[in-house]
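A short worksheet on the structure shown next.
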Amino acid sequence: MSSGTGLFVTFEGGEGAGKSTQIRRLAEALKGEGHDVLMTREPGGSPGAEAVRHVLLSGAAEAFGTRMEAILFAAARNDHVEEVIRPALAAGKIVLCDRFMDSSRVYQGITGNLEPDFIETLQRIAINGVMPDCTVILDIPAKIGLERAQKRAPADGPDRFEKERLETHEKRREAFLDIAAREPERCHVVNAMQSEEAIAAEILAIVQQLKSPADRLRMPEAAHHE
Numbered sequence: 001m002s003s004g005t006g007l008f009v010t011f012e013g014g015e016g017a018g019k020s021t022q023i024r025r026l027a028e029a030l031k032g033e034g035h036d037v038l039m040t041r042e043p044g045g046s047p048g049a050e051a052v053r054h055v056l057l058s059g060a061a062e063a064f065g066t067r068m069e070a071i072l073f074a075a076a077r078n079d080h081v082e083e084v085i086r087p088a089l090a091a092g093k094i095v096l097c098d099r100f101m102d103s104s105r106v107y108q109g110i111t112g113n114l115e116p117d118f119i120e121t122l123q124r125i126a127i128n129g130v131m132p133d134c135t136v137i138l139d140i141p142a143k144i145g146l147e148r149a150q151k152r153a154p155a156d157g158p159d160r161f162e163k164e165r166l167e168t169h170e171k172r173r174e175a176f177l178d179i180a181a182r183e184p185e186r187c188h189v190v191n192a193m194q195s196e197e198a199i200a201a202e203i204l205a206i207v208q209q210l211k212s213p214a215d216r217l218r219m220p221e222a223a224h225h226e
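Numbering (our numbering), first residue to last: 1 to 226.
So, in structure tokens, the structure goes:
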């Protein structure tokens, strides 16, 4: 893609939906076509945001309350946007991000019981005009997603979000689907119960439909045979 015409794709969904796996697969496919791809994640993605990530996922921030936690997420996101995402897009890169603003809407807004206006104001400040061109929402029943997440948990155990009650995860699943229903042009729901290969092919097809001002992604030969 030509300079200044970067593409921003975010991945959302509940625990164990397979976001990291699918981001890697999409990145490999796009790099194979000669595109400059940046993979990143939230919370984190920049040195400042990674420092905040540890505080948030370890549970150390819980003592501050949900409102302050949302502010910390927003601070990390703003640093990530300004230090990593915006420069990459300006350079014409395709940016693939594991979680972004919709996760704050769901995790702090819906299940954290914070006012929608407060969350939306925080997000406007945090992203500072950098909106995703496309958001892939990997949808999976909460119980199955949690089982997957627990199986791949690191040696020190699952993070604080994976430890929460099943009902909370079910509520988040519905919240992500509600966002997709409200913003169908940006959000694409993908059934994460399919095989990894089928999911990857569906996501690639979605991204191939996105147009930049100067270019359109070329469809790899393999995609023609799905």
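Cβ coordinates follow ideal geometry from the N, Cα and C atoms, glycine included.
Quantities reported herein were computed from a predicted structural model and do not represent experimental measurements.
query	result
Rounded C-alpha distance that separates Val-55 from Leu-72	9 Å
Supposed contact pair Ala-180 and Val-189 - C-beta distance, whole angstroms, cut 8 Å	5 Å
Coil, strand or helix - Pro-220 by DSSP	Because the pLDDT of Pro-220 is 40, which lies under 50, any placement of that residue in the model is unreliable, and the question is left without a value.
Opposing strand residues paired with Asn-191 [DSSP bridges]	Asp-139
Gly-145 - DSSP class collapsed to helix/strand/coil	helix
Beta bridge counterpart(s) of Val-55 as assigned by DSSP	BP columns for Val-55 are empty, so no partner.
Residue interval of the beta strand (DSSP E) (run including Gly-32)	First-last for Gly-32: 19-32, but that is the alpha helix (DSSP H), not the beta strand (DSSP E).
Contact check, Ile-137 vs Phe-176, beta carbons under 8 Å	yes
Stretch-stretch touch, CB-based, cutoff 8 Å, three pairs: the region 59-77 with the region 33-51	yes
Straight-line gap, Leu-26 to Glu-185 (C-alpha atoms, nearest Å)	20 Å
Three-state class that DSSP yields for Phe-176 in the structure shown	helix
Cα-Cα separation between Leu-38 and Thr-21, rounded to whole angstroms	15 Å
Residue from Ala-149, Gln-194, Thr-40, Lys-19 whose Cα sits closest to the Cα of Ile-94	Thr-40
Nearest-angstrom Cα separation, counted from Phe-8 out to Asp-98	11 Å
Distance between Gly-6 and Pro-220 (C-alpha atoms, nearest Å)	Model confidence at Pro-220 stands at a pLDDT of 40, short of 50, so the residue's coordinates are unreliable; what they give is reported in the following sentence. Straight-line Cα distance between these residues: approximately 19 Å.
Pairwise C-alpha distance: Gln-150 and Glu-167	16 Å
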